[in-house]
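No gaps in the numbering here: position 7 of the first sequence is 7 in the UniProt record's numbering, and each next residue is one more. Below is one structure, written out as structure tokens; the observations come after it.
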Amino acid sequence: MTRVPSKPITAADAYPLIFAVIRRIPRGKVASYAQIAYAAGLPGRARMVGRALADAGGAGPKLPWHRVINAQGRIALPRSSEAYVEQKSRLIAEGVLFEGDRVSFTRYGWKRGSAPVLD
DNA sequence: TTCCTGACAATGC
DNA sequence: AGCATTGCCAGGA
């Protein structure tokens, strides 16, 4: 049979998976791009998660895109952009506090299936 | 098809 | 704690 080396993952295939994962992030929690990619069965495709959100561009109101931040705990957008302010305020509104310009994964990181951190 | 870009990330200094 | 480098992978020109 005509052999196919590996399945080239296209946006059409991946986006639904990615969005599905993002929709599972609980309110008041955050997840990194890499974490979402992994959970969506796309390990190593962190950049694709970013692309998916960029393409969505707020097109999916149901999507809690603001709960997605980079591995450094920072918002992956220019400080000067509108989206940055929007994302930060949304997070704060959910009780996610910033330490300077970053969020603590230890406190707000989404750990699938684990109990909330009560400190 | 090559080259450049990007809501990323791990590593090294 | 930053900053630069390198790896990564899909899109778009």
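Quick reminder that beta carbons are idealized off the backbone N, C-alpha and C, glycines included.
In this chain, the alpha helix (DSSP H) harbouring GLU82 covers 82-93. The bridge partners DSSP lists for ILE22 come to none. Per DSSP, the continuous alpha helix (DSSP H) segment holding GLY50 begins and ends at 46-56. Membership of ARG107 in the alpha helix (DSSP H) is indicated by the continuous run 105-108. For GLN35, the enclosing alpha helix (DSSP H) starts and ends at 33-39.
In the DSSP assignment, ARG102 is bridged to ARG74, GLU99. Counting of Cβ neighbours within 10 angstroms places ILE22 among the buried residues, the total reaching 16 or more. Here PRO78 is exposed: its Cβ has fewer than 16 other Cβ atoms, across all protein chains shown, within 10 Å. With 16 or more other CB atoms across the displayed protein chains lying within 10 angstroms of its CB, SER32 is buried.
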